[in-house]
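Per our numbering, the very first residue in the sequence shown carries number 3; after that it's consecutive.
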Amino acid sequence: MYKLIDGKKLAQAMRADIAAKVAAYKEENGREIGLAVILVGEDPASQVYVRNKIKACDEVGIKSYAYRLDKDTPQARVEELVRSLAVDNKINGILVQLPLPAHLDADKILSLIPFSKDVDGFSAENMGKLCMGEPCLVACTPNGVMKMFESENISLSRKNAVVIGRSNIVGKPMAMLLTNANATVTLCHSKTRDLKEKCLGADIVVAAIGRAKYITADMIKEGAVVIDVGMNRDENGKLCGDVDFENVKEKCSYITPVPGGVGPMTITMLMYNTYLSATRS
Ligand code: NAP
């Protein structure tokens, strides 16, 4: 019998906890915690993400500063904005919504965010610190997955974990977090041979591929924990994960649904990182 890890419920509980911590911070320090969100252009998905991030800020009492720039904004103007936010004491976190329009050099812009305000955890400094097991701001999605393990008391030590997907924002930090938690990790990608065999040896499978229902029941060992990071559309246009949930679930001890699994945790961890950044500054 499998247990569903309810990301929506966990995210709500965490947001209530963060709201209490933010209120206590304001009381103690007599100032707000600020998150700057930069959106360049009118990409519809990015607009929704930015709206949701601002809504989450309102919910936990973090003051949001939204900068909505025209799609043709020159590189120098975006750089100037990030540089000014980098030294602005009101701002504890800076987030540049990706993807940026093609004429902009995203790497250059992101490199201007000081690592102490890099609440997405994407910078080389934060990634490097994560690798070295030092305190840092961790990428929100994999950090949210770690909170899910914690909430269910799923022990990671001595477990075999397979992470599928090696992106800088999900797969690689996920593999590092699991390694730091004493799991033995195999990081798989599109060039991996015998993916099925590797998954069958795993106590924990984290799928971050971007392919609808790609992980099927024959790839999963009885009793495995399956975490589905994917967000895809199925043949009927319905939101679904990378895991063939209906067929895989019966083999699992724990599984996350899509929607309502990892997704709600990501923005919650962004709020958490912004709070952490304020307490460390
Ligand atoms: P990405 O940058 O496109 O990376 C996908 C990874 O999957 C790559 O490493 C790729 O391998 C690997 N891959 C592709 N096809 C494969 C295959 N057939 N077998 C094994 N590995 C394969 O994607 P991402 O940004 O990490 O996102 C992954 C998924 O998570 C997407 O569905 C995305 O929408 C979702 N996501 C969800 C959240 C959330 O909050 N829930 C947050 C971020 C992302 P190569 O490196 O060899 O190309």
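We treat Cβ as the ideally placed atom computed from N, Cα and C, and that holds for glycine.
A quick note: this is a predicted structure, and the numbers were derived from the prediction, not measured.
Measure the Cβ-Cβ separation of residue i and residue j and say whether it is below 8 Å.
i           : j           : result
residue 259 : residue 247 : yes
residue 177 : residue 206 : no
residue 89  : residue 68  : no
residue 35  : residue 280 : yes
residue 140 : residue 175 : yes
residue 4   : residue 252 : yes
residue 159 : residue 183 : yes
residue 58  : residue 273 : yes
residue 172 : residue 137 : no
What I want to know is whether the C-beta of residue i ends up closer than 7 Å to one or more non-hydrogen atoms of ligand 1.
i           : result
residue 234 : yes
residue 257 : no
residue 167 : yes
residue 92  : no
residue 48  : no
residue 264 : yes
residue 193 : yes
residue 163 : no
residue 222 : no
residue 53  : no
residue 17  : no
Do you know how far the Cα of residue j is from the Cα of residue i?
i           : j           : result
residue 161 : residue 185 : 5 Å
residue 85  : residue 130 : 22 Å
residue 234 : residue 216 : 11 Å
residue 242 : residue 125 : 29 Å
residue 13  : residue 63  : 16 Å
Pull up the CB-CB distance for residue i and residue j, whole angstroms please, since I reckon it's below 8 Å.
i           : j           : result
residue 275 : residue 135 : That belief does not hold up - the Cβ atoms of residue 275 and residue 135 are roughly 18 Å apart, past 8 Å.
residue 256 : residue 156 : 6 Å
residue 41  : residue 70  : 5 Å
Legend entry - Any 3 or more C-beta pairs closer than 8 Å across the region 188-199 and the region 150-168: Yes, the region 188-199 touches the region 150-168.
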